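Accompanying notes for the structure given below.
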């Protein structure tokens, strides 16, 4: 194909060093289910990067199963999870959370985010409602970092959300499917140790961030969910050859690669944003990570589609749509040039 | 380590040609979720091997999630699944089927198998019970081929089971986690086209049969479960980079490799069985595939454990246990020699 | 107590003729689970009132269990139910629908209602979304008649909703917890035969409409859910002494009492509305059934609370709240007078 | 009908004093959901009868919903409930426990009972199994008192079971659907205070023991399940007019009637057993409560069926069946005479 694709950030395999590690260990006999030494090493590297020596670290394969398993572990039967109405668990997980028995309580998003004020108001109203015992109690707050809109929670925003959680006895869970692109953004002020300090659980995304697959769940307090392993198995989320997940994360956290591997992708996105704005294109909204949201006339979008694969985001008005362009760890300068060249021909 | 391991058949990575394909395609931009051309090719190769041109073929990551997703698709809310009490779904899936809302109805096994007679009797009794509408109706029969005991259903046995299913309106589902070791056994007379003809659904195991991971679900009648894709997503069983699963099966079914790749493993197991019997060891039972079950005195077992990794199967009597030795596609002659040498030192 | 209560419409036992029937049949030996002759008679009377000779009629005990059981019967595993965000299943059933594995998809209400236009737009958007297979498919539309706001769907509104359902392959389910107060309203033009013609399932409320308890589920097409009895049992919704439910409905439908028993309650509510408006009180909104929603200053509400039990509905602004007053089949003229007298003292 | 029925112990309405209380309170305005004063009184009477001043007492409508709700409250997500394979939850609740996500782990019964030894062995094996984290952990022991076979656990048996539970961290739950017939048996040595001392939860059956319906759940430690009310609602098991349940139990526990109301039924059963044995009939087994199990030739059973309604229990051998005759609080001497007369004509 002569087209170039910015359709998503999971279109390539993995960082070559991961494939090399897999090849070099292919015939070593390993015990299953994550009980091997590579997983042990990967866990230790993650604990260090999170400055959280006691954390439980579990490796699962994909995002939906991770969200379903973690929320099952964190929620009591009478509780639900609060999320932005744009949250991945609300929209694009085929009802996995509800299939596990829990309501997703949605609050209206602002650029993919919910605020501590919204959460506090919701909880205040809920816990003062005379009928609250007939209703689903909020048990967990779910946020994505970065969000589905590519936006970031600031450290002070997350701290405020944590305060609301503490006040009302809720747990805080951060979905880090694209966490490397938060860590790689100049605007980000939330580090892994902050997440470990503020969250009851969070996951470090591998699938979209340089790995073949895999998400690393970090549970700072190891007492919180003592049966997480069995729940992982019950959710069908336990990989038999667990060391394959260990390899992904042992490599991604060797020399803390994960902390910087999203940076080139964010810089590429920044360059795209800058050039598009300069050339008179309109961004639907500004986000500081690896996703670029552009408003295009229908005809221009169609024309662009002949040269570039992008993803449709939403209709903007009757003549315009918003498209999403995603860069990734694998994006090359040449691909960006090709994209910008295509835009220049619209 | 100087020990040799026969602890399980999923201790290595994958057939080298799979790793090579992954490396060579690593930077091709692929669409997600199994919509790519490699998956399409793999599906087509599987359909041909099954002589079932219209079959739906879905790629999932692991066995437990596959069983949970398929049974969710096949069972109505008021139904349960019948399995041998030794069936993997009954014992070693952490309650995944029940977590999905369905009872596993167990029948006593004979060497890991249930018979058409048992199933027929159960159904006759159930459907003539005046209280049947207060009970869980049998909806699916689950069998493993080979079974957890390494035994095989013959074609005539499966046909009889199919007849019982037809008579009572049940569906038949075969768990083929180790299917390559059935296909590689000289005693086997059930081919993939037979499974496609007799089953409502079955899966072709990859994880234990040469792949890094992956199980290929075959649903011969594509009308049966039109929303299987969404159910896969809901169960957290949809791999984002679906082409990785496509690669596993496209390679395993290139030139029908899958049909023969289990053969060396079965032959190695046959050799182990023969030598052990000759040297006076007792087999707990004879099974014609890649698992060997040996009765050992406690002291002998402990001694062997210093030289060989095996898995504990069950206590035989107060002085003996049964151990399981598993060969695999990756087992070498040298490893078998090392094992037999260890036995000779007991 | 010298206070009078309009706090809800389920504060009394039952119509005296129901208690009498229970007393007179108390020592007749009955078979269980609704297989008795009184249930048979009640079913037949309901079928006649619905002009639907073939309908399946099932008697359950309460509203939440009825909604959970019916929706479990109507929804496939990958589907959810669309409801107004004020719908009882969305808010006040403690997550019963999600506990059964299904998402409640909410649309913004207008006076408790959703429109065919909203539903059509939602379905059009959903079924044209490229990611729809990653999302919960709408499978059932849930509406309440009357709604939680006491409002009514007109026949033409329901017919339009039905058309949307037909167009997109959805089923229509009507929660008739307060159906007698719809049937008793002069503004209502939807009869039981209309419901039977338009719905895939609906229930005729007993608990709030003259019975001790009990809801009668009507499924016009008896082929639709052949295992409803077992699902009822599985949901814990099958009353052992089923004839007690039969008695409620056999009496309520003797001489079609149900069709008119809500009328005095609606007339009492009309009288309250008229007097309050005349005396300068503000109604939060006008609803044509047995619930009256009044805006009161905080101080007035507190004062009224010393004389009348009402239920808090919602905060209106910082100085006012909305209260709800519910009349019922048991409301007397004297109670209405007492209420109006209390208002006149504010 | 000229036949007499011993088909079950829930064929009549309620003790007349219950109907009278319902009639006399019919038009009192009550608050809903068990928040009324009658429920408060009933709870207090039950606490006194159990010598357990702090117990949580909840009123639910029927047995299956009670079992499902209590087990949901007592079990963690990774746990299942152990029961005899004849336990009601194993067989006759249409999979309600599994629909709630939990496995019922069955042990072979002896006359409806499981022993502390069996339970201890199961737990010892489970907790020493190297694969236990891939399996459903036992979390609750479920026993019925009396059992489905009409047999009784002795105090020392229950204490031994409690010891096993304590040793392995399991909770103990007793299903008392027919508890009045245990309390009314001369052979019983387990009182309500014993149950309150030994169980984590148990329920006092109303439906089969003189009430129209209703089961009273007793949770001796009120800290154990703080959200039981919401779970009850979520399970559809919360009766809107909760005071109706309060009336059942306030009356049944007025002057501790419940402790003796089963006695005449057990005495009637004893008389039936004695006469049948004297007249040469064979009892399938002896049980000391209100159920009588008789072995009859097929022809005799058919002949008896023309005179007496009984329930089929199971096939005994190819020529005989076992029938069950159930007496109840409502059984009269005349009915017993009629039954015995019928037997004398076989």
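Protein chains in written order, with our numbering: chain A, 336 to 681; chain L, 336 to 681; chain B, 336 to 681; chain E, 336 to 681. Every residue gets a Cβ at the ideal spot worked out from N, C-alpha and C, and that includes glycine. Here the structure is a predicted model, which means the values were calculated and not measured.
Check	Outcome
Residue 383 of chain L classed as buried or exposed, judged by whether at least 16 other C-beta atoms fall within 10 angstroms	exposed
For residue 449 of chain E, the nearest candidate out of E:381, E:509, E:402 (CA to CA)	E:509
Of the listed residues L:346, L:681, L:476, L:544, nearest to residue 497 of chain L (C-alpha basis)	L:476
Residue of A:388, A:371, A:373, A:500 minimising C-alpha distance to residue 416 of chain A	A:500
Under 7 angstroms (Cβ pairs) to chain B, residues found in the segment 563-580 of chain L	564, 565, 566, 568, 569
Residues that DSSP places opposite residue 659 of chain A in a beta bridge	A:628, A:646
Short-range partners of chain L found in the segment 418-441 of chain E, where Cβ spacing is below 7 angstroms	426, 427, 429, 430, 433, 434, 436, 437, 438
Chain-ordered residues of the segment 359-375 of chain L with a beta carbon less than 9 angstroms from chain A	360, 361, 362, 363, 364, 365, 366, 367
Whether residue 624 of chain L touches residue 430 of chain L by CB criterion (8 angstroms)	no
Distance between beta carbons of residue 394 of chain B and residue 517 of chain B, contact taken as under 8 angstroms	Their Cβ separation, rounded to whole angstroms, is 20 angstroms, which puts residue 517 of chain B and residue 394 of chain B out of contact at 8 angstroms.
Cβ of residue 347 of chain A within 8 angstroms of any chain L Cβ	yes
Chain B contact for residue 459 of chain L (CB, 8 angstroms cutoff)	no
CA-to-CA distance, residue 523 of chain L to residue 391 of chain A, given in whole angstroms	45 angstroms
Backbone CA spacing between residue 436 of chain A and residue 559 of chain B [nearest angstrom]	25 angstroms
Span of the beta strand (DSSP E) around residue 281 of chain A	The structure shown does not extend to residue 281 of chain A, since chain A is modelled only from 336 to 681, so the question has no answer here.
The segment 348-356 of chain A contacting the segment 533-546 of chain A, beta-carbon criterion three pairs below 8 angstroms	yes
is_contact[residue 399 of chain A, chain L] using C-beta, thresh 8 angstroms	yes
Own chain residues within Cβ distance below 8 angstroms of residue 608 of chain L, not counting five before or after	618, 621, 627
Cβ-based neighbour list, residue 663 of chain L, same chain, cut-off 6 angstroms, excluding 5 preceding and 5 following	344, 600
Contact set between the segment 455-486 of chain B and chain A, restricted to residues whose Cβ is under 7 angstroms from the partner	465, 466, 469, 470, 471
Distance CB(residue 357 of chain B)-CB(residue 582 of chain B) smaller than 8 angstroms	yes
For residue 462 of chain B, three-class secondary structure by DSSP	helix
Cβ contact (3+ pairs, closer than 8 angstroms) linking the segment 400-415 of chain B and the segment 561-580 of chain L	yes
Distance, residue 438 of chain L Cα to residue 471 of chain L Cα	7 angstroms
Helix, strand or coil at residue 557 of chain A according to DSSP, with G and I counted as helix	coil
Cβ neighbours of residue 397 of chain B in the same chain (closer than 7 angstroms, five flanking residues each side left out)	542, 548, 550
Own chain partners of residue 452 of chain B with C-beta closer than 7 angstroms, once the 5 adjacent residues on each side are dropped	none
Proximity test, Cβ basis, 8 angstroms: residue 647 of chain A and chain B	yes
Assigned secondary structure, residue 448 of chain B (DSSP; H/G/I helix, E/B strand, else coil)	strand
Cβ-based burial, residue 434 of chain A [other Cβ within 10 Å; buried from 16]	buried
C-alpha distance - residue 460 of chain L paired with residue 466 of chain L, whole-angstrom precision	11 angstroms
Element boundaries [beta strand (DSSP E), containing residue 439 of chain B]	439-442
Residue 413 of chain E at chain L interface by Cβ criterion, 8 angstroms	yes
Span of the alpha helix (DSSP H) around residue 590 of chain B	Note, residue 590 of chain B: premise wrong, no alpha helix (DSSP H); not H, not E.
Under 9 angstroms by beta carbon: chain B residues contacting residue 407 of chain L	412
With 16 other Cβ atoms within 10 Å as the buried cut-off, status of residue 388 of chain A	exposed
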